[in-house]
Structure formats: C-alpha cells, structure tokens
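Enquirer: Heads up: the sequence shown begins at 1 in this note's numbering, then just goes up one per residue. Think of the CB as a built atom: it goes at the ideal place given N, C-alpha and C, for glycine as much as any other residue. Keep in mind the model is a prediction, meaning the values are calculated, not measured.
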Amino acid sequence: MRALAIAALCALGCGTATDVPPASKPVRDPFIAMQSDFTAMLAWTEWEVPDIGSNFGHRRGGPSHLYVNRPVPEFHEPMPLGTILIKTVEIGDDPRDWDVHGMVKRGGGFNEGGATGWEYFELGLTEDREPIILWRGEGDAQNPGGYGRRLDGTPVGCNECHGAVQAGDHAFARALFSPDA
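Laid out in structure tokens, this is it:
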C-alpha cells in the first residue's frame, strides 16, 4: 500500500532524471547537464539542417539534423537556461558512426571568455541510439574536445566559431528554428 501511495505521489509531480523542465518551469542556475538529460534527444523537436556549408556549423558528410529540448524564443531573445541543442551528422546507418555535438545553456557565468553561458559536448551513440557524453567543456583549444583541426594540426575550439554569432545567442542554426526568423 505504501509503495502504491509513493507511486501515486510521483505520478503527480516527481519526474525522472530524463525529464526536461518545461520552458515555463524555473531551472537551477547553473544548469549542469548530466548524461540522463540527453537520453530522449532523438525524440525532441527536430529540424533538418540544409547542406549549405559552414554557415550552419560543422562540416557535413551525411544528412544533418538539429534537435532542441524546449521551445525557443524569438531570434533577438536569449535562449533560456536549460536549453539543449544537439546537431547530428548522420554518416551511414549505424548511429555509432554519427557526429553528434551539443550546446547546453548552462548559465552561472560559465564560459565567460567565449560563448557566454554555453557548455559544449560531444556525444556518442550506442547501437540502440542511447547518448553517451564523450567530452564536455568550454570547447576551446586549451580544453579537451573542440571540433576538428586546422591544416597545421592545432585544434579548432567551439568558441572560435560560436563566439562570433552573438546575435543568435551563439547558435549558428538559430535562424532555422526561431519563431520570427
């Protein structure tokens, strides 16, 4: 009986580790994303990213999609704390071969020297499409991660490109999914 009462209470408001707070629900500042926050990412709102070069981010090599965990405000407004953006480049049928990168609106003064408030991630997917965090951080050349390398072999950090698109709150593909774009 006690277990039934606990289950009923949880159904009314407990939520799980994979639940993402709705946009209207306050999120703790800073929002520190855990692996469980990415679990349902392939079921989030999705947009196909056109193959038009680096204007929308990373190199291509297959179909690319953008996944967002919550409604996004108009283009000129910053994205709310707890917003998670995931971009996939789907190279082949096996999700373990896909390139998967993400940005999380962390807040708390994180990444003040680059794309302020954003933390970057590289994710891997299992055969069952379950995400695994491979690295996380500011994504600058001094930290592990980043995306790709220059011709001289030095890493290209996430901030080097995303820091330049302040108008879209540091998201290249913002024009694809903002209500007023």
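Output the distance between the C-alpha atoms of Glu74 and Pro80, rounded to the nearest integer angstrom.
Expert: Here residue 74 refers to the residue found at position 74 when the sequence shown is read from its first residue. Here residue 80 refers to the residue found at position 80 when the sequence shown is read from its first residue. Each residue's Cα considered, the two are about 11 Å apart.
Enquirer: Mind checking whether Tyr138 and Asn111 have CB atoms under 8 Å apart?
Expert: As a working mapping, residue 138 is identified with position 138 in the sequence shown. As a working mapping, residue 111 is identified with position 111 in the sequence shown. The displayed chain sequence assigns Glu, not Tyr, to residue 138. Yes. Within cutoff.
Enquirer: Got a sec, what are the start and stop residues for the alpha helix (DSSP H) His162 sits in?
Expert: Within the sequence shown, the letter at position 162 stands for residue 162. Looking at the DSSP string, the run of the alpha helix (DSSP H) that includes His162 is 158-162.
Enquirer: For His101, which residues of its own chain have a beta-carbon under 6 Å away from its beta-carbon, when the five flanking residues on both sides are left out?
Expert: As a working mapping, residue 101 is identified with position 101 in the sequence shown. Contacts found: Lys87, Glu122.
Enquirer: Between Gly184 and Pro26, is the Cβ-Cβ spacing less than 8 Å?
Expert: Coverage of the chain is limited to positions 1 through 181, which leaves residue 184 absent and any answer about it impossible.
Enquirer: Is the distance from the Cβ of Phe172 to the Cβ of Val68 below 8 Å?
Expert: Walking along the sequence shown from the start, residue 172 turns up at place 172. Walking along the sequence shown from the start, residue 68 turns up at place 68. No, the pair does not count as a contact, with Cβ atoms beyond the cut-off.
Enquirer: Going along the chain, which residues of its own chain have a beta-carbon closer than 6 Å to the beta-carbon of Val104, five neighbours each way excluded?
Expert: For this step, residue 104 is matched to residue 104 along the sequence shown. So the qualifying residues of the chain are Ala33, Ile84, Glu119.
Enquirer: For a test of the three-state rule: what should DSSP assign to Arg174, helix, strand or coil?
Expert: Taking the sequence shown and counting its residues from 1, one reaches residue 174 at position 174. In the structure shown, Arg174 sits in a helix (DSSP, three-state: H, G or I).
Enquirer: Identify whether Pro30 lies in helix, strand or coil by the three-state DSSP scheme.
Expert: Within the sequence shown, residue 30 is the residue found at index 30, counting from 1. Of the three classes helix, strand and coil, the one that applies to Pro30 here is coil, per DSSP.
Enquirer: Which whole-angstrom value describes the C-beta separation of Arg96 and Leu125, a residue pair presumed to lie in contact below a C-beta threshold of 8 Å?
Expert: Reading the sequence shown from its first residue, position 96 is the one you call residue 96. Reading the sequence shown from its first residue, position 125 is the one you call residue 125. Between Leu125 and Arg96 the Cβ distance is about 6 Å, and since that is below 8 Å, they are a contact.
Enquirer: Drop a sphere of 10 angstroms on the beta-carbon of Ser64, count the other beta-carbons inside from all chains shown, and report buried for 16 or more, exposed for fewer.
Expert: For this step, residue 64 is matched to residue 64 along the sequence shown. With 16 or more other Cβ atoms within 10 Å, it is buried.
Enquirer: Helix, strand or coil for Asp94 per DSSP?
Expert: Walking along the sequence shown from the start, residue 94 turns up at place 94. Coil.
Enquirer: Buried or exposed: which applies to Leu253, given that a residue is buried once 16 or more other Cβ atoms fall within 10 Å of its Cβ?
Expert: Limits of the chain in this structure are 1 at one end and 181 at the other, which puts residue 253 out of reach.
Enquirer: Could you tell me the alpha carbon to alpha carbon distance between Met41 and Asp93, rounded to whole angstroms?
Expert: Position 41 of the sequence shown, counting from 1, holds the residue named residue 41. Position 93 of the sequence shown, counting from 1, holds the residue named residue 93. The alpha-carbon atoms of Met41 and Asp93 are separated by roughly 18 Å.
Enquirer: By the three-class DSSP mapping on this structure, what secondary structure does Asp99 have?
Expert: The residue given as residue 99 occupies position 99 in the sequence shown. Reduced to three states, the DSSP call for Asp99 is strand.
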